[in-house]
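Asker: Protein chains in written order, with the numbering used here: chain A, 118 to 440; chain B, 118 to 440.
Protein chains: 2
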Amino acid sequence: MEANTAPALDPKAFRAALGSFATGVTVITARAADGSPVGLTANSFNSVSLDPPMVLWSLAKKSHSLAVFSNCSHWAVHVLAADQEDLSGRFARSGTDKFSGLEVANGIGDVPLLAGCAARFQCQSTFQHEGGDHLIFVGEVAAFDRTDRAPLVFHAGRYAMAAQRDPSLPPARSARVAGGLDEDLLGYLLGRAYFQFHQGVRDKARAAGLTDAQWIVAAALTARDGVHADDLSAALGYVLDEPLSPLLQCMQSDGWVHADPQGRWHLTPSGRDRSLHLLAAAKAHEGDLLSRWSYDEGALLKLQLQKFIAATNPGFPDLWHEA
Amino acid sequence: MEANTAPALDPKAFRAALGSFATGVTVITARAADGSPVGLTANSFNSVSLDPPMVLWSLAKKSHSLAVFSNCSHWAVHVLAADQEDLSGRFARSGTDKFSGLEVANGIGDVPLLAGCAARFQCQSTFQHEGGDHLIFVGEVAAFDRTDRAPLVFHAGRYAMAAQRDPSLPPARSARVAGGLDEDLLGYLLGRAYFQFHQGVRDKARAAGLTDAQWIVAAALTARDGVHADDLSAALGYVLDEPLSPLLQCMQSDGWVHADPQGRWHLTPSGRDRSLHLLAAAKAHEGDLLSRWSYDEGALLKLQLQKFIAATNPGFPDLWHEA
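1. What separation, rounded to the nearest whole angstrom, lies between the Cα atoms of residue 215 of chain A and residue 208 of chain A?
2. Do the segment 181-193 of chain A and the segment 219-228 of chain A meet, that is, are 3 or more Cβ pairs less than 8 Å apart?
3. Any Cβ of chain B within less than 8 Å of the Cβ of residue 440 of chain A?
4. Which word fits residue 409 of chain A, buried or exposed, when buried means at least 16 other C-beta atoms lie within 10 angstroms of its C-beta?
5. Since residue 253 of chain A meets chain B, which of its residues come closer than 8 Å, beta carbon to beta carbon?
6. Just to confirm the assignment: which complete beta strand (DSSP E) runs, minimum length 3, are found wholly within the segment 123-171 of chain A?
7. For residue 235 of chain B and residue 139 of chain A, I'd like the C-alpha separation in whole angstroms.
8. Whole angstroms are fine: how far does the CA of residue 171 of chain A sit from the CA of residue 404 of chain A?
9. Does any residue of chain B bring its CB to less than 8 Å from the CB of residue 170 of chain A?
10. Just how far apart, CA to CA, sit residue 206 of chain A and residue 276 of chain A?
11. Within its chain, find whatever has a CB closer than 8 Å to the CB of residue 245 of chain A; leave out the 5 residues flanking it on each side and keep chain order.
12. For the pair the segment 356-376 of chain A and the segment 332-344 of chain A, tell me if three or more CB-CB distances fall below 8 Å.
13. Scan the segment 320-356 of chain A and note each continuous alpha helix (DSSP H) run of 4 residues or more that stays entirely inside, going in chain order.
14. Let me make sure I understand the geometry here. Which of A:264, A:315, A:132, A:320 has the alpha-carbon closest to that of residue 261 of chain B?
15. Skipping 5 residues on each side, what residues in its chain have a beta carbon closer than 6 Å to that of residue 267 of chain A?
16. Only counting the same chain, and skipping five residues up and downstream in sequence, which positions put a Cβ closer than 6 Å to that of residue 108 of chain A?
17. Any idea if residue 419 of chain B is buried or exposed, counting beta-carbon neighbours within 10 angstroms, 16 or more meaning buried?
18. Between the Cα of residue 436 of chain B and the Cα atoms of A:203, A:217, A:298, A:271, which residue gives the shortest distance?
19. Among B:324, B:301, B:326, B:330, whose alpha-carbon lies nearest the alpha-carbon of residue 308 of chain A?
20. If we call anything under 8 Å between Cβ atoms a contact, is residue 382 of chain B one with residue 344 of chain B?
21. Have a look at the DSSP bridge pairing and note the partners of residue 246 of chain A.
22. Can you pull the chain B neighbours of residue 321 of chain A, defined as C-beta to C-beta under 9 Å?
23. For a contact defined as C-beta to C-beta under 8 Å, what are the partners of residue 368 of chain B on chain A?
24. Can you give the Cα-Cα distance for residue 349 of chain A and residue 218 of chain B, rounded to whole angstroms?
25. Kindly identify the DSSP beta-bridge partner or partners of residue 262 of chain B.
26. What does the alpha-carbon distance come out to for the pair residue 247 of chain A and residue 162 of chain A?
27. Grab the span of the alpha helix (DSSP H) containing residue 393 of chain B for me, first residue to last.
28. Mapping the DSSP letters down to three states, classify residue 173 of chain A as helix, strand or coil.
29. With 8 Å set as the bound, which would you pick, yes or no: does the beta-carbon of residue 426 of chain A sit closer than that to a beta-carbon of chain B?
30. Among B:175, B:210, B:145, which one has its Cα closest to the Cα of residue 250 of chain B?
31. So, for residue 239 of chain A: in the same chain, excluding its five sequence neighbours on each side, which residues have a beta-carbon less than 6 Å away from its beta-carbon?
32. Buried or exposed, going by whether 16 or more other CB atoms sit within 10 Å of the CB of residue 323 of chain B?
33. Which two residues bound the contiguous beta strand (DSSP E) that contains residue 223 of chain B?
34. Tell me whether residue 181 of chain A sits in a helix, a strand or coil according to DSSP, three-state version.
35. Taking the alpha carbon of residue 168 of chain A as the point to measure from, which residue in B:181, B:127, B:314, B:380 has its own alpha carbon closest?
36. Taking only three categories from DSSP, how would you classify residue 216 of chain A?
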């Protein structure tokens with residue numbers, strides 16, 4: 118690491134280095150002397166004192182809101198939840214109607230309070246300390262509340278979510294044979310997670326008369342109906358471990374699919390109906406599993422899977438794309 | 118949300134509410150007058166000013182280190198990387214030899230500098246402000262450096278990693294038929310990620326003469342050799358879409374496996390050798406994919422998969438467990 122030293126200290130590099138420190142995102146509100154609500158997005162919030170309970174944040178001295186916050190008796194800090202990225206953007210922009218359309222309550226000192234946050238701190242403005250081009254506001258917490266909502270995180274100039282480590286997870290185990298299968302292999306983890314999920318769907322597909330491969334073909338045809346076998350084969354070739362043609366023939370005999378005179382494959386009305394029922398069962402299964410876990414953990418898994426799929430896609434033909 | 122209001126403000130609940138705000142984790146160091154290095158873990162760090170460049174953090178007035186930090190001319194902030202959880206724990210405990218065994222450099226003002234961090238800020242101690250039971254330290258940044266290491270995050274009393282959102286990801290697409298397959302289904306995402314990964318392994322398994330199902334059996338036998346067909350079937354039943362016995366018979370004919378007189382199935386020496394080669398290829402494939410992505414994104418995906426597998430495991434028999 119090459120150290121940046123003053124006076125050659127590069128402001129852009131300094132900002133980037135500060136961005137290495139992950140933070141939550143807050144919206145801080147107050148009531149102006151004329152009664153209008155004021156609010157801004159800040160990630161400079163932090164705890165200070167437990168007894169008395171105090172928190173701090175800092176505001177640029179050139180901010181339009183400086184006069185309001187310097188003179189008000191109270192302000193409130195809203196720690197944003199993971200699904201409040203829009204609110205962060207709204208209060209980060211300058212503008213007059215930041216509160217329009219929002220559900221706003223009145224807190225201590227008539228401070229505007231926003232809903233749906235991870236936590237809120239209603240504070241009496243206590244100290245204003247010198248901090249270079251910013252003023253440091255320290256407030257004593259007069260009231261607070263919190264929910265279990267997952268937090269919005271900001272890191273390296275981007276929004277993020279917090280993936281909590283789980284100390285109760287057992288350590289990954291290796292095979293007794295060096296180089297054998299171990300639990301930390303990505304291929305093992307992906308396969309285990311997929312088949313563990315799929316097990317709840319497979320029973321219903323089997324009961325409907327479908328093998329795993331046939332179920333994959335039927336589900337794909339609900340996304341895009343009327344596909345030439347070659348296109349279907351190109352889109353599903355990396356999934357199926359068997360040739361597509363005999364599979365389609367077999368599904369045709371069973372009344373799931375049919376080919377039109379142009380050679381495009383379609384679900385039959387009954388095949389489509391049964392496929393949509395199975396998909397609904399898969400969605401219900403997903404809901405059931407995620408309810409045992411948590412919505413936010415599920416959202417994080419999906420986010421990482423989406424990023425993995427995008428980052429490692431070798432260029433498979435797109436199932437949803439027009440042929 | 119029921120608001121907690123003073124004077125009934127509950128300290129435990131207040132701490133929990135503060136924990137809703139995610140932060141990075143820092144270790145802050147200084148040199149005592151007697152020359153000994155001093156350091157402590159803090160998540161109260163934050164940026165203050167850009168011009169002049171200033172940062173702050175706060176320290177309990179009852180801290181043993183208060184005298185050192187109150188009197189020193191310089192201190193340094195180390196923003197910890199995701200793999201520095203141990204360092205966080207080490208500097209959070211009271212003790213005399215926090216620096217023992219660590220690679221320590223000397224910074225401005227002889228401040229001890231630690232290695233391997235996401236960012237470091239060497240600061241001249243500038244202001245000490247009142248903050249209830251804490252003192253707020255504001256320092257002017259004299260030098261800093263950073264790396265691209267993923268940050269260690271602290272949230273709700275636990276360590277976490279930051280999963281960055283990716284604004285370049287295309288929005289999930291739905292089928293043209295209501296209720297049809299859409300890209301946001303967990304089952305789709307898991308299957309797509311698994312098969313997209315597996316495609317790079319399947320070619321090699323096929324070249325070795327193995328179907329997907331046979332490859333799964335061979336890989337499982339590298340983790341636990343000498344298994345009765347019933348136990349193997351119980352452990353792999355949720356993965357395989359075909360009966361195990363004919364599959365084992367076929368692999369026996371091909372010289373991959375054999376049964377001992379007690380009816381336990383083993384890899385043959387040649388079968389084991391070929392299986393370990395395929396596993397090595399799968400590991401190399403994982404390394405190749407993750408190098409196109411990033412180590413930290415891969416670690417996050419694995420973490421979420423491990424949590425998903427643990428949270429949704431219906432009680433499958435354990436492949437690594439002694440029979």
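For every residue, glycine included, the Cβ atom is placed at its ideal position computed from N, Cα and C.
Answerer: With the structure as the only source:
1. 6 Å
2. yes
3. Here residue 440 of chain A scores only 44 on pLDDT, less than 50, and its place in the model should not be relied on; the value that follows carries that caveat. Output row for residue 440 of chain A: interface = no.
4. exposed
5. 165, 173, 246, 253, 255
6. 143-148, 154-159, 163-166
7. 11 Å
8. 41 Å
9. yes
10. 11 Å
11. 187, 252, 253, 254, 255
12. yes
13. 329-340, 346-353
14. A:132
15. 199, 413
16. Limits of chain A in this structure are 118 at one end and 440 at the other, which puts residue 108 of chain A out of reach.
17. buried
18. A:298
19. B:330
20. yes
21. A:253
22. Those do not exist, as residue 321 of chain A stays about 12 Å from chain B at its closest Cβ, beyond 9 Å.
23. Neighbours of residue 368 of chain B on chain A: none; closest Cβ ~15 Å, over 8 Å.
24. 60 Å
25. B:237
26. 16 Å
27. 386-409
28. strand
29. yes
30. B:175
31. 193, 224, 225, 259, 260
32. exposed
33. 221-223
34. coil
35. B:127
36. coil
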